[in-house]
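To start, the structure itself, in structure tokens.
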Amino acid sequence: GENVEQHPSTLSVQEGDSAVIKCTYSDSASNYFPWYKQELGKGPQLIIDIRSNVGEKKDQRIAVTLNKTAKHFSLHITETQPEDSAVYFCAASSDSNYQLIWGAGTKLIIKP
Amino acid sequence: NAGVMQNPRHLVRRRGQEARLRCSPMKGHSHVYWYRQLPEEGLKFMVYLQKENIIDESGMPKERFSAEFPKEGPSILRIQQVVRGDSAAYFCASSLTGGSGTEAFFGQGTRLTVV
């Protein structure tokens, strides 16, 4: 079955700098890759997603890139702000397995 | 339009008791998913339901756990004879349609503590 690995587990960046979180997946049939942000005590919130027919997607300070050949996708956050501090999860699913398979999460810390 | 509502937010049960977790999906959503999260881990799929039907329960333990999504009312995740290992955060998500690529909206979760 699908396996999603996420790195790093913790990422500390200076406010205003960029943050990059990377995920790899094992099932070449996976075609949907969402990223979720989870703040302490809250449920995950979708921040951006990408489908396998697209290589890159951007929404203001957030972008996601997908490399289908290498089976990895990344989240990029530019001009980080204190409110970006949270745990970020990547996930993957396919048409034959609609379950979201989640990475282990990255704790992003924005230093003032 | 209220989001996905889960209650209770926190639930404490003694070993051997039953836990009932409720999830009201977003208005108009007929697809519900339950996930379990242990501290500092990602979410693990448990069960996918559509009104009155269990579509996929492959992630749910065969014993003590059950889920339903009746025609009227919230979806219920039921854990019988709870054990300490059941302590976790349980999240419910709902979507307008099913299948891969459908955006799922999550509730705030129910944090179950078994003492």
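In order, the protein sequences belong to chains A and B. 66 is the number of the first residue of the first sequence in this note's numbering; add one for each residue after it. 3 is the number of the first residue of the second sequence in this note's numbering; add one for each residue after it. Even glycine gets a Cβ: it sits at the ideal position worked out from N, Cα and C.
Anything in chain B within Cβ reach of residue i, meaning under 8 Å, just list it in chain order.
i: A/Phe154; result: Gly44 and Leu45
i: A/Gly170; result: Glu42, Glu43 and Gly44
i: A/Arg116; result: Gly103
i: A/Leu105; result: Those within 8 Å of A/Leu105 in chain B number zero; the least Cβ separation is about 11 Å.
i: A/Tyr90; result: By Cβ distance, chain B contributes nothing, its closest Cβ being about 13 Å from A/Tyr90, past 8 Å.
Under the DSSP definition of a beta bridge, which residues are partnered with residue i?
i: B/Leu45; result: B/Gln39
i: A/Gln146; result: In DSSP, A/Gln146 forms no bridge with anything.
i: B/Arg15; result: B/Val116
i: A/Pro68; result: For the record, residue 68 of chain A in the displayed sequence is Asn; it is not Pro. Paired residues: none, contrary to the question.
i: B/Ala69; result: B/Leu79
i: B/Met28; result: None; B/Met28 has no bridge partner.
i: A/Asp124; result: A/Ile127
i: A/Ser161; result: Note: A/Ser161 sits in no beta bridge, so no partner.
i: A/Val78; result: A/Ile175
i: B/Met62; result: In the DSSP output, where bridge partners are listed per residue, B/Met62 has none listed.
i: A/Lys136; result: Answer is none; A/Lys136 lacks a bridge partner.
i: B/Arg86; result: Looking at the DSSP assignment, B/Arg86 forms no beta bridge with any residue, so it has no partner.
i: A/Pro99; result: A/Asp114
If we ignore side chains and look at the alpha-carbon of each, how far apart do residue i and residue j end up?
i: A/Arg116; j: A/Lys136; result: 13 Å
i: A/Val78; j: A/Gln125; result: 19 Å
i: A/Ser161; j: A/Thr171; result: 27 Å
i: A/Gly106; j: B/Gln110; result: 7 Å
i: A/Thr132; j: B/Gly44; result: It is worth fixing the name first, because residue 132 of chain A is Asn in this sequence and not Thr. Their Cα atoms are separated by approximately 22 Å.
i: A/Ser159; j: A/Glu80; result: 36 Å
i: B/Pro10; j: A/Thr143; result: 37 Å
i: B/Tyr37; j: B/Phe47; result: 5 Å
i: B/Gly75; j: B/Leu13; result: 20 Å
i: B/His33; j: B/Gln39; result: 20 Å
i: B/Tyr35; j: B/Val84; result: 21 Å
i: B/Gly100; j: B/Lys64; result: 24 Å
i: A/Val69; j: A/Phe98; result: 10 Å
i: B/Val49; j: A/Ile86; result: 28 Å
State the CB to CB distance for the pair residue i and residue j, rounded to an integer number of angstroms; the pair is presumed to be in contact (CB under 8 Å).
i: A/His141; j: A/Ser74; result: Going by Cβ atoms, the distance from A/His141 to A/Ser74 rounds to 18 Å, so no, they are not a contact pair.
i: A/Pro147; j: A/Ile175; result: 5 Å
i: B/Gln52; j: B/Arg66; result: Their Cβ separation, rounded to whole angstroms, is 23 Å, which puts B/Gln52 and B/Arg66 out of contact at 8 Å.
i: B/Ala69; j: B/Ile56; result: 7 Å
i: A/Phe138; j: A/Thr130; result: 6 Å
i: B/Phe108; j: A/Gln71; result: No, B/Phe108 and A/Gln71 are not in contact; Cβ-Cβ is about 18 Å, not under 8 Å.
i: B/Glu54; j: B/Pro72; result: 6 Å
How would you list, in chain order, the residues of chain C whose beta-carbon sits under 7 Å from the beta-carbon of residue i?
i: A/Gly108; result: Judged by its chain identifiers, the structure shown contains no chain C, and its protein chains are A and B.
Anything in chain A within Cβ reach of residue i, meaning under 9 Å, just list it in chain order.
i: B/Gly100; result: Tyr163
i: B/Gly30; result: The premise fails here: B/Gly30 is roughly 17 Å from chain A at the closest Cβ pair, so nothing lies under 9 Å.
Determine the chain A residues that contact residue i at a beta-carbon separation under 7 Å, and present them in chain order.
i: B/Glu59; result: Per Cβ cutoff of 7 Å: no residues; B/Glu59 is ~11 Å from chain A at best.
Taking residue i as the query, report the chain B residues whose CB atoms sit under 7 Å from its CB, ordered along the chain.
i: A/Trp167; result: Gly44 and Leu45
i: A/Leu140; result: The premise fails here: A/Leu140 is roughly 14 Å from chain B at the closest Cβ pair, so nothing lies under 7 Å.
Run through chain B and tell me which residues come within less than 9 Å of residue i, C-beta to C-beta.
i: A/Leu111; result: Glu105, Ala106, Phe107 and Phe108
* Asked: Is the segment 149-164 of chain A in contact with the segment 100-117 of chain A, if contact means three or more CB pairs nearer than 8 Å?
  -> yes
* Taking three-plus beta-carbon pairs below 8 Å as touching, is the segment 15-27 of chain B in contact with the segment 87-103 of chain B? -> yes
* Counting Cβ pairs closer than 8 Å, one from the segment 89-97 of chain A and one from the segment 159-167 of chain A, do we hit at least three? -> yes
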